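Below is one structure; the comments refer to it alone.
Protein chains in written order, with my numbering: chain A, 359 to 471; chain B, -16 to 96.
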């Protein structure tokens, strides 16, 4: 059991709206990463937070933003949703910043209409 | 940049057949290599990993050997079961301590009784 929980499990939004996805890291993990998995594709790295600060970012526009809280839970925010943002969003936590061990949640399936 | 290429699916096998899923990578230096598995409706789970050349990762009957000379990390299992039906992702993490995972597109495996 990974202990990483994400909410909600499914979400439907319309183009132009904003969305917030949430992740509760496994106990004791101070690093969280977010990935986007489009249908039929592998996960793509969005960004990583370590002790409440962003310390790595993939090739995603600024309308993708995040937060990590003192209890190491995390949020992914996406503004001005586009149809191509429809995907499974995965959160992964790690006990170390170098991601030697990553534990994934089950993801949030976002559909943008 | 770093990249992973894995064989396209879907792969359909009969129970007890031999499985090979090919994976090759492009990276500088000696990245760490991983296989993740995604069962329906679930997040990714680490299946096995190898961190240096000629290392063999193994778990649940699956094996993969880190081949630097061919930049490959092929997944094998001698006798698949219906319960192995899932999507398998090959991934790498670059040599810098803080780099994220880079995934292949995934290979869907269906095992029929």
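Every residue, glycine too, gets a C-beta built ideally from N, C-alpha and C. In this text, all values refer to a predicted model and were calculated from it rather than measured experimentally.
(request) Report the neighbours of residue 465 of chain A on chain B: residues whose CB is nearer than 8 Å to its CB, in chain order. (result) 26
(request) At 3 residues or longer, and completely inside the region 412 to 450 of chain A: list those beta strand (DSSP E) runs for me, N to C. (result) You should have 422 to 426, 432 to 436.
(message) Can you tell me whether residue 94 of chain B is buried or exposed? The criterion is at least 16 other CB atoms within 10 Å of its CB, across all chains shown.
(response) buried
(request) List the endpoints of the continuous beta strand (DSSP E) containing residue 1 of chain B. (result) That residue, residue 1 of chain B, is in no beta strand (DSSP E); it is neither H nor E in DSSP.
(message) Can you give me the C-alpha to C-alpha distance between residue 74 of chain B and residue 395 of chain A, rounded to a whole angstrom?
(response) 14 Å
(request) Pair every Cβ in the region 82 to 93 of chain B with every Cβ in the region 0 to 20 of chain B, then say whether three or more of these pairs are closer than 8 Å. (result) yes
(request) Work out the CA separation of residue 25 of chain B and residue 363 of chain A for me, nearest whole Å. (result) 11 Å
(request) Give the DSSP-derived three-state secondary structure of residue 385 of chain A in the structure shown. (result) coil
(request) Would you mind stating whether residue 8 of chain B and residue 45 of chain B have Cβ atoms separated by less than 8 Å? (result) no
(message) How far does the beta strand (DSSP E) with residue 76 of chain B in it extend, from its first residue to its last?
(response) First-last of the beta strand (DSSP E) with residue 76 of chain B: 69 to 76.
(message) Using beta carbons (cut-off 8 Å, strictly below), is residue 453 of chain A in contact with chain B?
(response) no
(message) Between which residues of its own chain and residue 32 of chain B is the CB-CB distance below 6 Å, once the five residues before and five after are set aside?
(response) 17, 40
(request) May I have the straight-line CA-CA distance separating residue 391 of chain A from residue 63 of chain B, to the nearest angstrom? (result) Distance between the alpha carbons of residue 391 of chain A and residue 63 of chain B: 32 Å.
(request) Drop a sphere of 10 angstroms on the beta-carbon of residue 434 of chain A, count the other beta-carbons inside from all chains shown, and report buried for 16 or more, exposed for fewer. (result) buried
(request) For residue 427 of chain A, decide whether its Cβ has a neighbour in chain B, counting only Cβ atoms nearer than 8 Å. (result) no
(request) Compare the Cα-Cα distances from residue 88 of chain B to each of B:79, B:29, B:13, B:72 and report the closest residue. (result) B:72
(request) Could you tell me which of B:10, B:34, B:70, B:77 sits nearest to residue -5 of chain B, measuring between CA atoms? (result) B:70
(request) Using a threshold of 8 Å, state whether the C-beta atoms of residue 404 of chain A and residue 386 of chain A are closer than that. (result) Between residue 404 of chain A and residue 386 of chain A, the C-beta gap is not smaller than 8 Å, which leaves the two residues out of contact.
(message) I need the boundaries of the beta strand (DSSP E) containing residue 47 of chain B, first residue and last residue.
(response) Unbroken beta strand (DSSP E) run through residue 47 of chain B: 45 to 48.
(message) Can you tell me where the beta strand (DSSP E) holding residue 79 of chain B begins and where it ends?
(response) Going by DSSP, residue 79 of chain B is part of no beta strand (DSSP E) at all; its letter is neither H nor E.
(message) Just to confirm before moving on: does the CB-CB distance between residue 36 of chain B and residue 49 of chain B stay below 8 Å?
(response) In contact: residue 36 of chain B and residue 49 of chain B (Cβ atoms closer than 8 Å).
(message) I'd like the span of the beta strand (DSSP E) that includes residue 59 of chain B, first residue to last.
(response) 58 to 60
(message) Check whether the region -5 to 6 of chain B and the region 420 to 431 of chain A are in contact - that is, three or more C-beta pairs closer than 8 Å.
(response) no
(message) Within 8 Å of any Cβ in chain B, is that where the Cβ of residue 391 of chain A sits?
(response) yes
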